[in-house]
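Asker: Numbering follows UniProt numbering, in which position 126 of the sequence shown is assigned residue number 126; successive positions increment by one, without gaps. Just so it is clear, CB atoms sit at the ideal spot from N, CA and C, and this is done for glycine as well.
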Amino acid sequence: MLKIIDVDWIADYTLTLKFNDGFEGKADLSEYFCRPPFSTITNFKKFSLTAEGSLNWSGNELSAATLRDATQGEYKALDLSVNVTEIEQVIKQASWDSMQEGRPDILQAAIRAYVEQFGHSQVIAKAGIKSRTSAYRSLKPQTTPSFATLVQLGHAVIELAKDRIPPTPALKV
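(1) Which residues in the same chain have their Cβ closer than 8 Å to the Cβ of I41, if we skip the five residues on either side of it in sequence?
(2) Can you check DSSP and say which residues form a bridge with W9?
(3) Specify the secondary structure class of Q93 as computed by DSSP and reduced to three states.
(4) Comparing alpha-carbon positions, which option in L62, E88, K46 and S54 lies nearest D6?
(5) Taking 7 Å as the cut-off, decide whether the C-beta atoms of residue 176 and S131 are in contact.
(6) Provide the residue(s) that pair with N20 in DSSP beta bridges, ordered along the chain.
(7) Name the two residues that bound the continuous alpha helix (DSSP H) containing T144.
(8) Could you spell out where the alpha helix (DSSP H) holding T133 opens and where it closes?
(9) Roughly how many angstroms lie between the CA atoms of W9 and V115, to the nearest whole one?
(10) Contact between the region 97-106 and the region 140-149: three or more CB pairs below 8 Å?
(11) Suppose you measure from the CA of V84 to the CA of T14; what does that come to, to the nearest Å?
(12) CB-CB under 7 Å to A110, same chain, minus the five flanking residues each way: which ones, in chain order?
(13) In three-state DSSP terms, what is A65?
(14) So if DSSP puts L49 in a beta bridge, which residue, or which two residues, is it bridged to?
(15) Please report the distance separating the alpha-carbon of L49 from that of M99.
(16) Check for me: the beta strand (DSSP E) holding G73 runs from which residue to which?
(17) Can you have a look at K3 and say buried or exposed, based on whether 16 or more other CB atoms are within 10 angstroms of its CB?
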């Protein structure tokens with residue numbers, strides 16, 4: 001199933017989008033936002049990335065397939081390697097953006113993307129969360145997760161990333 005895995009606002013109604021199939025590019029969505037139901041949206045930058053990998057503006061959703069058709073770009077090789085520093089930076093930036101915007105869904109979406117990458121079961125076990133239902137609910141869009149649970153899940157993701165880094169061979173002197 002096609003999903004958006006990363007999105008950034010560039011300007012006006014233009015976004016950079018990265019899809020789970022390796023396609024990346026820019027999408028000018030002004031065509032959608034000049035007519036109903038999107039024309040009533042007053043803040044284009046206030047969107048959320050859904051669990052299904054679509055974008056949602058106050059209940060008005062554009063599917064990943066629709067956005068893919070509107071995106072000008074190219075396929076790039078998917079980098080499946082783990083970069084702990086990048087994960088930490090993304091989670092820090094998402095935390096900051098969440099506080100600046102007053103929107104916990106930004107941090108929630110960032111952590112959810114990494115949880116999906118590592119696998120729910122593995123992250124929940126690493127986080128030591130006893131209730132799987134609680135963990136799943138914390139990552140579900142349109143919910144207000146506990147900050148403590150998001151911290152546990154974010155920490156678990158970072159620790160799992162560190163576990164995947166192969167040990168550096170000792171230098172012989």
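Answerer: Working from what's here:
(1) Once the five neighbours on either side are set aside, the close Cβ partners of I41 are F33, W57, S58 and N60.
(2) L15
(3) Correct three-state label for Q93: helix.
(4) S54
(5) Only positions 1 to 173 of the chain appear in this structure, which leaves residue 176 out of reach.
(6) Beta-bridge pairing links N20 to no other residue.
(7) No alpha helix (DSSP H) contains T144, which DSSP labels as neither H nor E.
(8) R132 to L139
(9) Per the coordinates, the alpha-carbon of W9 lies some 23 Å from the alpha-carbon of V115.
(10) With contact defined as three or more Cβ pairs closer than 8 Å, the region 97-106 and the region 140-149 are in contact.
(11) 29 Å
(12) V90, I91 and A94
(13) In the structure shown, A65 adopts helical secondary structure according to DSSP, grouped into three states.
(14) DSSP lists L55 as partners of L49.
(15) 17 Å
(16) T71 to Y75
(17) Looking at its Cβ environment, which holds 16 or more other Cβ atoms inside 10 Å, K3 is buried.
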